[in-house]
Amino acid sequence: MSEVIQDGMVVSLGYTLRLANGQIVDYSEADEPLEYLHGAGNIVPGLERELAGLQLGDVKDVEVSADDGYGAYDPEDVETVERGMLPANLPLELGMVLAIRDSDGNYSEAYVREIGDREVTLDFNHPLAGQKLFFSVEVLGLREASEEELAHGHPHGVDGDEDEDFDDEDIVDFEGDEDFGDDDVDDEDIEDDGKPNRPGRYN
Ligand code: ZN
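Take the position in the sequence shown, starting the count at 1, then add 1213; the result is the number in the numbering used here.
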């Protein structure tokens, strides 16, 4: 009997993600599929649900509503802060994603939506919030997760190692009074390379 995608399986997925207007916003490189642990909430719920039961080599188009993707866009989740509250040496760019640590030590992610002379607008919505998502996927690999992977709730690399954590220097310590967000962001999911997280990821 062939293996199928189900809870406890590590899946290697080739994917292309388009928006309703046809724009491609993300895709996996040919030699770098997205690896995720099925059933662990590593990817958006609407995609994970539709992948259950697929076999190695299967291809599928999956439409995911915003609610089953990155959620509705919340206009309240946007904050304008003084430029001086961010580190002076931080090379701000529009659209870059910042990992922000507030005074309570909580992490949240924001992307830079506007840069003014004195103020910066940070958007704590996911960059794809409010969007219907159109995935085209191909199952490129399928294996049972190790006990360690199950315990951690995510796959490890081919060499069995943890993914590298982001560097501490990538974190922006925010000293404002504002209490940003309420999500505890998993360290490994935080990137500040100026691009949104791989949209297959569920944050
Ligand atoms: Zn781990």
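All C-beta atoms, glycine included, are put in the ideal place defined by N, C-alpha and C. Being a predicted model, the structure only gives us computed values, none of them experimental.
DSSP has L1224 in a bridge; who is on the other side? Looking at the sequence provided, one finds Val at residue 1224 rather than Leu. In the DSSP output, where bridge partners are listed per residue, V1224 has Y1249, L1355.
Using 6 Å as the cut-off, classify the Cβ of H1339 as near or not near the heavy atoms of ligand 1, replying yes or no. no
DSSP state of R1331, grouped into three classes? coil
Label G1259 either buried or exposed according to how many other C-beta atoms from any shown protein chain fall within 10 Å of its C-beta, with 16 as the threshold for buried. buried
Could you say if the stretch 1347 to 1360 and the stretch 1288 to 1302 meet the contact criterion of at least three C-beta pairs nearer than 8 Å? no
Beta-carbon proximity list for L1250, same chain, < 7 Å, skipping 5 on both sides: V1223, A1358, E1362, G1366, H1367, P1368
Look at the Cβ atom of V1277, then the Cβ atom of D1336, and state whether they are nearer than 7 Å. no
Beta carbon of H1365: closer than 6 Å to some heavy atom of ligand 1? yes
Three-state secondary structure assigned by DSSP to E1404: Because E1404 carries a pLDDT of 42, less than 50, the predicted location of this residue cannot be relied on, and the following value inherits that uncertainty. Note: E1404 maps to coil in three-state DSSP.
Boundaries of the beta strand (DSSP E) in which A1289 is found, first to last residue: A small fix is needed here, since residue 1289 is Glu in this sequence, not Ala. It is not in any beta strand (DSSP E) - E1289 carries neither H nor E in the DSSP assignment.
A1265 versus Q1219 - alpha carbon distance: 5 Å
Span of the alpha helix (DSSP H) around E1360: 1360 to 1365
Classify A1267 as helix, strand or coil using the three-state DSSP reduction. It is Leu, not Ala, that sits at residue 1267 in the sequence shown. In the structure shown, L1267 sits in coil (DSSP, three-state: anything other than H, G, I, E or B).
Is it right to say P1246 is buried, meaning 16 or more other beta carbons lie within 10 angstroms of its own, or is it exposed? buried
Assign L1299 to buried or exposed, taking buried as 16 or more other Cβ atoms, counted over all protein chains shown, within 10 Å of its Cβ. buried
So E1322 and V1310 are in contact, right, with Cβ under 8 Å, and what is the actual spacing, rounded? 6 Å
Take Y1228 and list the residues in its own chain whose beta-carbon comes closer than 7 Å to its own, dropping the five residues that flank it on each side. Y1240, S1241, L1247, F1348, S1349, V1350, G1413
Tell me the rounded alpha-carbon separation between A1243 and A1285. 31 Å
Inspect the beta-carbon positions of G1343 and A1279 and report whether they are closer than 7 Å. yes
Check the DSSP bridge columns for F1337 and list the partner residues they point to. Bridge partners of F1337: none, in fact.
Apart from the five residues just before and just after V1424, which ones in its own chain have a Cβ nearer than 6 Å to its Cβ? Lying before the first or after the last residue shown, residue 1424 is absent from the chain, which here runs from 1214 to 1416.
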